[in-house]
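Just so we're aligned: the sequence shown equals residues 96 to 203 in the numbering used here. Quick reminder that beta carbons are idealized off the backbone N, C-alpha and C, glycines included.
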Amino acid sequence: MTDQPSLFLKKEWQDITVEYGLLESVGDFEFAMPKHAISVAFIPHDRVTWSVDGKKQTAALPAGSAFLYGDREFVWHHREKASEYVTLYLDPNYLKQTAIENELPAET
96 MTDQPSLFLK KEWQDITVEY GLLESVGDFE FAMPKHAISV AFIPHDRVTW
146 SVDGKKQTAA LPAGSAFLYG DREFVWHHRE KASEYVTLYL DPNYLKQTAI
196 ENELPAET
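This is how it looks when you write it as structure tokens:
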């Protein structure tokens with residue numbers, strides 16, 4: 096992986112954190128995503144590689160692709176151009192309480 100500048104902007108509230116990221120490094124790498132988050136990719140990619148609980152997948156990634164990260168191990172492994180995204184980190188207790196209040200299953 097080549098080392099190039101990256102940009103991260105972050106804002107936190109009581110139970111939610113929003114992060115904007117621009118990762119300019121490309122090639123092979125290991126970038127584990129935190130749990131209990133939602134990400135949306137802004138830049139389309141012809142080919143990216145990620146794994147969920149160790150099982151690798153390679154595919155195209157259209158702009159606007161959304162990812163929901165629960166309790167599983169989600170790791171990015173390869174990309175061929177810069178990546179721009181926004182991630183919403185949600186406190187698991189907040190999610191559980193919201194689910195209970197709306198009579199939904201409380202498991203994440």
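Asked	Found
Check whether the stretch 154-166 touches the stretch 193-201, counting contact only when three or more Cβ pairs, one atom from each stretch, lie closer than 8 Å.	no
At what residues does the beta strand (DSSP E) containing Asp-151 begin and finish?	What sits at residue 151 in the sequence shown is Lys, not Asp. Where Lys-151 is concerned, the enclosing beta strand (DSSP E) stretches over 150-156.
Which residues in the same chain have their Cβ closer than 7 Å to the Cβ of Arg-142, if we skip the five residues on either side of it in sequence?	Thr-153, Ala-155, Glu-175
For Leu-118, which residues of its own chain have a beta-carbon under 7 Å away from its beta-carbon, when the five flanking residues on both sides are left out?	Ser-101, Ala-177, Ser-178
Would the C-beta of Glu-179 count as close to the ligand SAH, meaning under 8 Å from any of its heavy atoms?	The ligand SAH is absent from the structure shown, which contains no ligand whatsoever.
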